[in-house]
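Since the structure comes first, as structure tokens, the remarks are kept for the end.
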Amino acid sequence: MPKRLFTYLFLALMLPNIALCFTEGMTMPENLTNIVLPAGLVMLLASLLKNPGKAAWLMFPFIFFAAFQLVLLYLFGEGIIAVDMFLNVVTTNGGEIEELLGNLVPAVAGVFVVYIPLLVLACVAIKKRRLLTPAFRRKAMRCGAAATAAGIVLLAACYATIDGYRILTRLYPANVCYNLALAFERNALSANYPTASAAFTFDARATHPADSAEAYVLVIGETARANNFSLYGYGRDTNPLLSRTPHLTVFSDVTSQSNTTHKSVPMLLTAATADDFSRLYHEKGLLAAFREAGFHTTFISNQLPNHSFIDFLGMQADDCIFLKEGSNKADDISDMQLVQKLDDVLAQGRKKEFVVLHTYGSHFNYRERYPREMAVFRPDSRTDAKYENRADLRNAYDNTIVFTDYMLHGVITKLKSRGAQAAMLYTSDHGENLFDDSRRLFLHASPKASAYELHVPFLLWLSDNYITAYPGNTAAISANRQKKAESSVTTFHTMLQLAGIDTPYADRALSVADTSYTERQRKYINDHNEPLPLPY
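Numbering (our numbering), first residue to last: 541 to 1076.
See below:
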């Protein structure tokens, strides 16, 4: 048994290396290095201890990485475990993780079948003191040393012949360990944000008349992609209410700079962009700017707090409300409760009001995001993340867009009833993959962002009296609606201009409510926070 357990451990740890040779499009020297060098090191490590069970538990982090990596490949078909993947684990609540894993049955079952028996057998070997023979260990060490030496030669060849080759980005599991270290570093920066930004000020001031009643609402969608809005030409009528709403401007071609929530939402709420993402670590956000300018500010979220930048930026408001905080998993907290909370805020009758609504939107599991009476497209019951379920999954996803349409119509209705000069801007943090093409990608946060993940809706509604009071902004919005834009860049500056807030941090050339707005090369931020040109 000890020899068989040793072999089992070796093969289980090498599975991701083998799989990555088929998914990452690497050259032959890279593939050989990715197999030979890790194989040698695993064999050496596994032979250091007499008991292979202890060796298995000693290498448990790599077993965890292997299981995580295989599930990731099942989901996206490519890519190593990214920094953002680790941060998603930290910033995703337990209910979401349970929903996701519950609908990834084939992948989860596969890694359980491979790795749980390994850990059980390791426990048995430890308890029964089943040891490798000295002769076997010596042989394993010699083989491991030989493979390691050959791997080092291959590694040198990669560095010599492949431009940009780096062990920390191209060799598994070194790249995963590096990404984990970066995740810890970024998490520390996030935790330090309240201290680092404490002294920051926008020097913001209001320029609109002090006696005019104003109400501005920024609605941040979740996982809603433009492709499935009938406002953007989708074949199904997913926007029956908004399509008949006067004074609603649909910006035709807008992208997000990130396909992950923990990056995209902070960029919507601050001046940080892919080009200068690091300013997020020490600057405050929109809620603080509006508050400085004399607005009463409210942040209302239908997501659980997770001690991330989103929470910290929300806490800069006068009132910060997390609807799900303290709730049970079984509680059905609909996005329509955001509308009710908005109504409560507007009922206070304050002159200057700014509200951010952070929705749960179209986050997987889609079928849980809308009431059954709004299941327009059916069947929608098969929720497992499998290609053969794509029709049901698409139906359920489209139903979430119909519900979003209903919710946004509710926001506009509440603003109309307030009678103030009002505007609502809606955009989503990112989009979603729905098994759209031959790559069979599903969900979001894929290592290589797809067009489905980055193209987002961007809708701007103005009240009648706002249009009358600020015809210049209104004309600019109409003139800019067909220009290319980036939600991560323009949202911050557009909201400030709509509300007439002047600050040295506002740039009118980045506001779609200004005649000076100009298109620029669009970008997205990669896993290592580097700005890259949009690839499509």
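Here a beta-carbon is modelled for each residue, glycine too, at the ideal position from N, C-alpha and C.
8 Å contact criterion, which residue i and residue j should meet: CB distance rounded
i	j	result
LEU627	GLY619	Contact flag wrong, Cβ pair sits at about 15 Å.
ARG670	MET541	5 Å
GLY971	HIS995	6 Å
ILE575	ILE603	Wrong, their Cβ atoms sit about 18 Å apart, outside the cutoff.
ALA1053	ALA1016	5 Å
THR940	TYR906	5 Å
ILE621	SER798	The Cβ separation is near 17 Å, so there is no contact.
VAL895	LEU882	6 Å
ASP969	THR801	5 Å
THR778	ASP938	5 Å
GLY1040	ALA746	6 Å
ALA606	LEU661	No, ALA606 and LEU661 are not in contact; Cβ-Cβ is about 16 Å, not under 8 Å.
PHE562	VAL582	PHE562 to VAL582, Cβ: 19 Å. No contact.
Beta-carbon proximity of residue i to residue j, cut-off 7 Å
i	j	result
LEU788	TRP1001	yes
GLY593	ILE666	yes
ALA723	VAL623	yes
PRO806	PHE862	no
ALA811	PHE1032	yes
TYR1010	ALA962	no
TYR718	PRO556	no
VAL759	TYR966	yes
VAL885	VAL951	no
For residue i, the three-state DSSP class (helix, strand or coil)
i	result
PRO1073	strand
ALA870	Its pLDDT being 47, under 50, ALA870 is placed unreliably in this model, and the coordinates cannot settle the point.
ASP1042	strand
GLY775	coil
ALA1086	Look at the range of the chain in this structure, 541 to 1076, and you will see that residue 1086 is not part of it.
LEU863	coil
LYS926	coil
LEU695	helix
LYS988	coil
Rounded straight-line distance, which links the Cα of residue j to that of residue i
i	j	result
VAL1029	VAL653	45 Å
ASN846	THR631	5 Å
GLU832	LEU1050	21 Å
SER1056	LEU974	37 Å
TYR772	PHE791	9 Å
PHE982	TYR927	9 Å
ALA697	PHE608	29 Å
LEU1038	LYS892	13 Å
LEU584	GLY691	13 Å
ALA686	TRP597	25 Å
MET681	SER587	6 Å
ALA870	TYR900	With a pLDDT of 47 at ALA870, under the threshold of 50, the modelled position of that residue is not reliable, and the figure given next carries that caveat. Distance between the alpha carbons of ALA870 and TYR900 is about 15 Å.
GLN856	ARG1060	31 Å
SER902	ASP815	28 Å
ASP703	GLU1070	18 Å
LYS668	ASN591	10 Å
ASP1067	MET566	19 Å
Opening and closing residue of the alpha helix (DSSP H) in which residue i lies
i	result
THR747	Counting along the chain, THR747 falls outside any alpha helix (DSSP H), and DSSP gives it neither H nor E.
ALA829	826-832
VAL896	Premise fails: VAL896 lies in the beta strand (DSSP E), 892-898, not in any alpha helix (DSSP H).
ILE603	600-616
THR502	Any question about residue 502 goes unanswered here, given that the chain covers just 541 to 1076.
TYR718	714-731
Continuous beta strand (DSSP E) stretch holding residue i: start and end
i	result
MET855	Here MET855 belongs to no beta strand (DSSP E), and DSSP marks it neither H nor E.
VAL759	754-761
LEU965	961-968
PHE839	836-841
VAL996	No beta strand (DSSP E) contains VAL996, which DSSP labels as neither H nor E.
VAL790	788-790
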